[in-house]
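*Asks:*
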Ligand code: S0N
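Residue numbers (my numbering): 923 to 1190.
1. Excluding the 5 residues preceding and the 5 following residue 1094 in the sequence, name in chain order all residues of the same chain whose CB lies nearer than 6 Å to its CB.
2. Mapping DSSP to helix, strand and coil, what is residue 1024?
3. Near the ligand SAH, which residues have their beta-carbon less than 6 Å from any of its heavy atoms, given in chain order?
4. How many angstroms separate the CA atom of residue 996 from the CA atom of residue 1161?
5. Could you check where the alpha helix (DSSP H) with residue 1150 kicks off and where it finishes?
6. Whose C-alpha, out of 932, 960, 999, 987, is nearest the C-alpha of residue 925?
7. Closest to residue 1133 by C-alpha separation, out of 1109, 1069, 972, would be which residue?
8. Residue 944: which of 967, 978, 1018 sits nearest, CA to CA?
9. In three-state DSSP terms, what is residue 994?
10. Between the alpha carbons of residue 1177 and residue 1070, how many angstroms are there, rounded?
11. In the DSSP assignment, find the beta strand (DSSP E) that holds residue 929 and state where it starts and stops.
12. Quick one: complete alpha helix (DSSP H) runs, 4+ long, within the region 942-986?
13. Quick one, which of 993, 1163, 1123, 1129 has its alpha-carbon nearest residue 933's?
14. Sort 954, 986, 993, 1026 by Cα distance to residue 1128 and report the nearest one.
15. Report yes or no: do the region 1162-1173 and the region 1028-1044 share at least 3 C-beta pairs separated by less than 8 Å?
16. Say whether the region 1007-1021 touches the region 951-958, bearing in mind that this needs 3 or more beta-carbon pairs closer than 8 Å, one atom from each stretch.
17. Below 7 Å CB to CB, which residues in the same chain sit around residue 1060 once its five sequence neighbours on both sides are set aside?
18. Measure the C-alpha to C-alpha separation of residue 927 and residue 1110 and round it to an integer number of angstroms.
19. Measure the alpha-carbon distance for residue 1119 versus residue 1090 and round it to whole angstroms.
20. List the whole-angstrom C-beta distance separating residue 986 from residue 935, where the pair is believed to meet the contact cut-off of C-beta under 8 Å.
21. Quick test of your reading: residue 1142 and residue 1049, contact by CB under 8 Å. State the CB separation rounded to the nearest angstrom.
22. State the Cα-Cα distance for the pair residue 1188 and residue 1081, rounded to the nearest angstrom.
23. Select from 940, 1021, 976 the residue whose C-alpha is nearest the C-alpha of residue 1137.
24. From what residue to what residue does the beta strand (DSSP E) around residue 1011 run?
25. How long is the line joining the alpha carbons of residue 988 and residue 1011, rounded to whole angstroms?
26. Output the distance between the C-alpha atoms of residue 1125 and residue 1131, rounded to the nearest integer angstrom.
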C-alpha cells in the first residue's frame, strides 16, 4: 500500500512507523490512522520483525492528536473518513493493534506528544524521549476527550492523581517531568534519540521473541477490561462532538482564541 501520511520502513528486524504530517505537528486524520493500522498489521504479520518504533517526522512533534482542521460536528471527516458511526477515526483499532501486536513497540518521542498523540505514546510498551519533548492532554481545552485508554490506562502508568491533573489542567510537561512521573523510560539529548532507540531495539532483538510475546500478553491481561471502557468512551465522544459545547472548543482552536466554556456549566 503506498502511503501518503506516514513513512514505513523495515530494516534488520525493526519496523519504523513515522507519522509524516509535520505541517500540522503530525496531527492525524482518518487516512493517517488507516495507514498506521495497515503498517502495524504488516509488522505483526512479518516474521522478520521483532520490534516496532513509532515516531513523528520533523523536529517539533511526535504527534498532536486528531487533526482539528478535519473535524466538524460529526467528528473527523478528512480524506478516507467515511465511517458511518463513531468519531470518523478508526482509533480504537489502532489502539488495539499497538497493544495487541506480539512484539514490543517503542515510542521515540521527538517533540510534542499532545492529546491523542500523547495517548499513542502512553499505549506503546516503552517511551524514549528527546530532552525537547513536551507531554500533555488538551481535550477539555478543545472540546474533546479520550476516556478509555487515555484516562484509565494512563492512571495505571502514572497514578490517579497525576492522570487527573494531566486531563483537568491541560498543561504541558517537560521530558524530565515526564521521567519523574514514570511516563517515559528514558530521556536523551535530542540529537541522540534515534541512536538510543536503535540500541534499545538491538537489545530487544537479542531476546527470545516467544518470551517477549507472552510477557506482553501477560502485562496486557491486567488492563484488558479497559477495551470496554474505550468503546463507551468513543461512543460518548461521538455524541459530545455534536454538542455546542464541543464545538466551542473546536472553533476556539481554529480561531486561535481562548474558549468560553463557562456558559455550559449545568446542575447535572
Ligand atoms: C501542540 C501545540 C501546543 C503546539 O503549539 P505551538 O508550538 O504554538 O504551535 P502551533 O502554531 O499551535 O502549531 C503549528 C501548526 O500546527 C497546527 N496544529 C497543531 N496541532 C494540530 C492539530 N491537532 N490539528 C490541527 N492542526 C494542528 C497549528 O494549527 C498550526 O498551524 P497554522 O500554522 O496553520 O496555524 C498546539 O498546536 C496545540 O495545542 N495543538 C492542538 C492539539 C489538539 O487539539 N489535539 C487534539 C486533542 N484531542 C484530544 O485530546 C482528544 C482526545 C483524544 O485523545 C482523541 C481520541 C480519539 C480520537 C482523537 C483524539 C484526538 O486527539 O482528538
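Glycine is no exception: its CB is placed at the ideal position from the N, C-alpha and C atoms.
*Replies:* Taking the definition as stated:
1. Same-chain partners within the cutoff: 1056, 1058.
2. Residue 1024 carries a coil assignment under DSSP once its states are collapsed to helix, strand and coil.
3. Absence of the ligand SAH from the depicted structure is noted, with the ligand S0N being the only ligands included.
4. About 9 Å.
5. Counting along the chain, residue 1150 sits inside the alpha helix (DSSP H) bounded by residues 1148-1163.
6. Looking at the Cα atoms, 960 is the closest of the given residues.
7. Of the listed residues, the one whose Cα sits closest to residue 1133 is 972.
8. Ranking the options by Cα distance to residue 944, first place goes to 978.
9. In the structure shown, residue 994 sits in a strand (DSSP, three-state: E or B).
10. Distance between the alpha carbons of residue 1177 and residue 1070: 29 Å.
11. Residue 929: member of the beta strand (DSSP E) spanning 928-933, first to last residue.
12. Runs found: 952-967.
13. Relative to residue 933, the option among 993, 1163, 1123, 1129 whose CA is nearest is 1123.
14. The residue with the shortest Cα to Cα distance from residue 1128 is 1026.
15. Short answer: they don't touch.
16. Taking 8 Å as the limit for Cβ pairs, the verdict is that the region 951-958 does touch the region 1007-1021.
17. For residue 1060, where only same-chain residues beyond five positions count, the Cβ hits under 7 Å are 1036, 1037, 1092.
18. Going by C-alpha positions, residue 927 is about 27 Å away from residue 1110.
19. Using only the alpha carbons, I get a separation of about 32 Å.
20. The pair is not a contact, with the Cβ atoms about 30 Å apart (cut-off 8 Å).
21. With a Cβ gap of about 17 Å, residue 1142 and residue 1049 do not count as contacting.
22. Between residue 1188 and residue 1081, the C-alpha separation is close to 29 Å.
23. With distances taken between Cα atoms, residue 1137 lies closest to 1021.
24. For residue 1011, no beta strand (DSSP E) encloses it, and the DSSP letter there is neither H nor E.
25. Cα atoms of residue 988 and residue 1011: separation of roughly 9 Å, rounded to the nearest angstrom.
26. Spanning the two alpha carbons is a distance of roughly 12 Å.
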